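The block underneath contains the structure these notes are about, expressed in C-alpha cells.
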Ligand code: SF4
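Numbering (this note's numbering), first residue to last: 23 to 244.
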C-alpha cells in the first residue's frame, strides 16, 4: 500500500531526468546566497577549515580559525608548533587530538610531496592523512574543480525526498547524483540542497507549503 502510494507520487511528478533541471534552477533563485559558510583566504586555510568542521558547526570553526589563521599561515607553521599547542588552539572544535594529528600529518605530506600546495585532484586529496572523500569533495569543489558530489545529512535526506535516489548509503547516493546532475552543477548542487534543507525541507517538519519544489517533489505533503 505504502509502496503504491510512493509509486503514484513518483508518476505524478515525472521522471527525475525531467525534473533535475527545474529543481536546480529554482533552488538557485531561492537560495542565491548558497555557498560554503566557512571563512578562509587561501587553499591551506580552506583545507584546514574543512578538516576542523567534522562533527561541529561552521560557525564554531570560524570562531576558532579567526585566531588560528593569524598564528598558522604556512604548512610549516603547523609543524613548527608542538602537537599539544595545536591541540589547545583547536580545542573548541572538538576531537582536537585526532584533528591536530591529521592536520600535522597532512601538512607534512603537502610539504614533502606537493610543494606545500593543496592538490586539486580527488585521488591526491584523499591520500592526505585524515582527509576522507567528503572533505576532499568539499575542498575540490571550492577550488573550482568539483570531481564528485558532496553528500551530507541534508543532501541525503533531500535527494531521497525529491526521489533522486532510492539509496541510503552516501557513496551510492553520490553515484546516483553524479549520473543525474550536470557536471557543471556538482559544486553548487550540494550547497543548494543543504540550504534548502536548513531553511525549508527541515528534517522533522518539512515546510511544503513554503517550498518552491512542491510540484516537483514526490514527498510533498500538499
Ligand atoms: S515539497 Fe516538502 S518534502 Fe518536498 S522538498 Fe519541498 S519541503 Fe521537502
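Beta carbons: idealized from backbone N, C-alpha and C, even for Gly.
Owing to the predicted nature of the structure, the values given are computational and were not obtained by experimental measurement.
Ignoring anything shorter than 4 residues or poking outside the region 195-236, list the alpha helix (DSSP H) runs there in chain order.
-> 210-221
Beta-carbon spacing of residue 161, residue 155 below 8 Å | At the C-beta level, residue 161 and residue 155 stay beyond 8 Å of one another.
Within 10 angstroms of its Cβ, does residue 87 collect 16 or more other Cβ (buried), or is it exposed?
-> With 16 or more Cβ atoms within 10 Å of its Cβ, residue 87 is classed as buried.
Uninterrupted alpha helix (DSSP H) stretches inside the region 79-125 (no shorter than 4 residues) | DSSP runs (the alpha helix (DSSP H)) wholly in the region 79-125: 80-93, 97-102 and 105-112.
Does the separation of the CB atoms of residue 166 and residue 144 fall below 8 Å?
-> no
Start and end of the alpha helix (DSSP H) containing residue 169?
-> Unbroken run through residue 169: none, as it is neither H nor E.
Please indicate yes or no: does the CB of residue 243 lie closer than 7 Å to some heavy atom of the ligand SF4?
-> yes
If we count Cβ pairs, one from each stretch, closer than 8 Å, do we get three or more for the region 190-202 versus the region 93-113?
-> no
Any heavy atom of the ligand SF4 closer than 7 Å to the Cβ of residue 49?
-> no
Residue 6 to residue 116 span [Cα, whole Å] = The displayed coordinates of the chain run from 23 to 244. Any statement about residue 6 would go beyond what the structure contains.
Return the CA-CA distance between residue 104 and residue 151, expressed in angstroms with no decimal places.
-> 18 Å
Can you give the Cα-Cα distance for residue 32 and residue 180, rounded to whole angstroms?
-> 15 Å
beta-carbon residue 222 near the ligand SF4 non-hydrogen atom, thresh 7 Å | yes
For residue 217, which of 56, 26, 51 and 30 has the nearest alpha-carbon?
-> 56
Which stretch, first to last residue, makes up the alpha helix (DSSP H) that contains residue 48?
-> 38-52
Proximity below 8 Å, CB of residue 202 to CB of residue 42 | yes
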